[in-house]
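Note sheet for the following structure.
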Amino acid sequence: DQQVKQNSPSLSVQEGRISILNCDYTNSMFDYFLWYKKYPAEGPTFLISISSIKDKNEDGRFTVFLNKSAKHLSLHIVPSQPGDSAVYFCAANPQGGSEKLVFGKGTKLTVNP
Amino acid sequence: NAGVMQNPRHLVRRRGQEARLRCSPMKGHSHVYWYRQLPEEGLKFMVYLQKENIIDESGMPKERFSAEFPKEGPSILRIQQVVRGDSAAYFCASSPLTGVRASTTEAFFGQGTRLTVV
Numbered sequence: 020d021q022q023v024k025q026n027s028p029s030l031s032v033q034e035g036r037i038s039i040l041n042c043d044y045t046n047s048m049f050d051y052f053l054w055y056k057k058y059p060a061e062g063p064t065f066l067i068s069i070s071s072i073k074d075k076n077e078d079g080r081f082t083v084f085l086n087k088s089a090k091h092l093s094l095h096i097v098p099s100q101p102g103d104s105a106v107y108f109c110a111a112n113p114q115g116g117s118e119k120l121v122f123g124k125g126t127k128l129t130v131n132p
Numbered sequence: 426n427a428g429v430m431q432n433p434r435h436l437v438r439r440r441g442q443e444a445r446l447r448c449s450p451m452k453g454h455s456h457v458y459w460y461r462q463l464p465e466e467g468l469k470f471m472v473y474l475q476k477e478n479i480i481d482e483s484g485m486p487k488e489r490f491s492a493e494f495p496k497e498g499p500s501i502l503r504i505q506q507v508v509r510g511d512s513a514a515y516f517c518a519s520s521p522l523t524g525v526r527a528s529t530t531e532a533f534f535g536q537g538t539r540l541t542v543v
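Same order as they appear, the protein sequences are chains E and F. Note that my numbering has the first sequence beginning at 20, numbered continuously upward. Note that my numbering has the second sequence beginning at 426, numbered continuously upward.
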C-alpha cells in the first residue's frame, strides 16, 4: 500500500516556465511534508517542507502548497531552470515524533533550454 | 550531501555472500538513518540509530539484516546471505538533533551504496 503517491513518473517543461509537481497521500496521520531533489548517483537533498497547519510555504523559486482536505500537495518551481532537472521526491512524516519518512516514487523533471 | 560518507559506492556480491555497507555521519552528528531504494521505487525507511543504540528498526527485514552504530567508527548495515532481491541503492542520512522536525529537515544524505547481487 502506497501511502504517498506521485502519479507522474516524469515531467518536461521549458526553461523559464512553471514546473508543477504533484503528490497525494492517504494517511491522515501525516502532518509534515517534505520535498527532496535527487541527481543521478547522489543522495537526496532537502528542498522545502510544510507543516499541516499551513497551506503554503515559499522559499525563493520554490513554493509548496498543501490541501489537507484533498490530501494533496504540490511543488511549484518558477521560473524553471535546466539545473532543476532531477528526480523530485515527496515525503511525509507522521505525527507523534516518528523519525521515519515515507517517500513517494518520485517524478523526474526535465527542464529544456 | 557533503560530509556523510558511504562506502563502498558500488558493491557486487554473489548470492549467499555477506554485504557490509558503511556510513560515516557528518562531524558532530550522532543520529543515523538507513533507507533502501529498490529500482523504480521511492526510498523506504529501514532503521534509525544513535551511538550504541537502535532506536527504531521497524523497517528492517526480520532476517539477514542488521545494523549497528558503535561508539567509535562508522555505522554498519550488514546483510547476510544476500539474495537477488536485495539489489538496491542503500542510503544513509545523519542529523545532529533528535525530534522529528529537526531531524527530518536537518538530515543530510550520503551518496548511497549501490548493491548488486549476481
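No residue lacks a Cβ here, since even glycine has one placed at the ideal position from N, Cα and C.
| Check | Outcome |
| --- | --- |
| With 16 other Cβ atoms within 10 Å as the buried cut-off, status of isoleucine 504 (chain F) | buried |
| Rounded straight-line distance, which links the Cα of serine 47 (chain E) to that of tyrosine 515 (chain F) | 28 Å |
| Coil, strand or helix - aspartate 103 (chain E) by DSSP | helix |
| Contact under 8 Å by Cβ, lysine 452 (chain F) with lysine 476 (chain F) | no |
| N- and C-terminal bounds of the beta strand (DSSP E) containing tyrosine 133 (chain E) | Given that chain E is displayed from residue 20 to residue 132, the structure contains no residue 133 (chain E) and the question cannot be resolved. |
| Residue from F:Gly537, F:Ser519, F:Val508, F:Phe534 whose Cα sits closest to the Cα of arginine 438 (chain F) | F:Val508 |
| Span separating the alpha-carbon of valine 83 (chain E) from that of lysine 73 (chain E) | 10 Å |
| Cutoff 8 Å: alanine 89 (chain E) Cβ touching any chain F Cβ | no |
| Cβ contact check for the region 94-110 of chain E and the region 36-55 of chain E: 3 or more pairs under 8 Å | yes |
| Where serine 500 (chain F) falls, given that 16 or more other Cβ within 10 Å makes a residue buried | buried |
| Proximal residues to valine 542 (chain F) (C-beta, below 7 Å), its chain only, five neighbours per side dropped | Arg438, Arg440, Val507, Val508, Arg509, Asp511, Ser512 |
| At least 3 beta-carbon pairs within less than 8 Å: the region 471-486 of chain F vs the region 533-542 of chain F | no |
| Local Cβ density within 10 Å of lysine 119 (chain E), reported as buried at 16 or more and exposed below that | buried |
| Beta-carbon proximity of threonine 129 (chain E) to serine 88 (chain E), cut-off 8 Å | no |
| For asparagine 2 (chain E), the nearest candidate out of E:Glu61, E:Ser29, E:Pro63, E:His95 (CA to CA) | The structure shown does not extend to residue 2 (chain E), since chain E is modelled only from 20 through 132, so no value can be given for it. |
| Phenylalanine 25 (chain E) classed as buried or exposed, judged by whether at least 16 other C-beta atoms fall within 10 angstroms | Note that residue 25 (chain E) is glutamine in the sequence shown, not phenylalanine. Glutamine 25 (chain E) comes out buried. |
| DSSP bridge partner residues for isoleucine 39 (chain E) (one or two, in chain order) | E:His95 |
| CB contact flag (valine 472 (chain F), proline 450 (chain F), <8 Å) | no |
| Contact list for alanine 60 (chain E) against chain F, beta-carbon separation under 9 Å | Arg434, Gln536, Gly537, Arg539 |
| Of the listed residues E:Pro28, E:Lys127, E:Phe65, nearest to glycine 535 (chain F) (C-alpha basis) | E:Phe65 |
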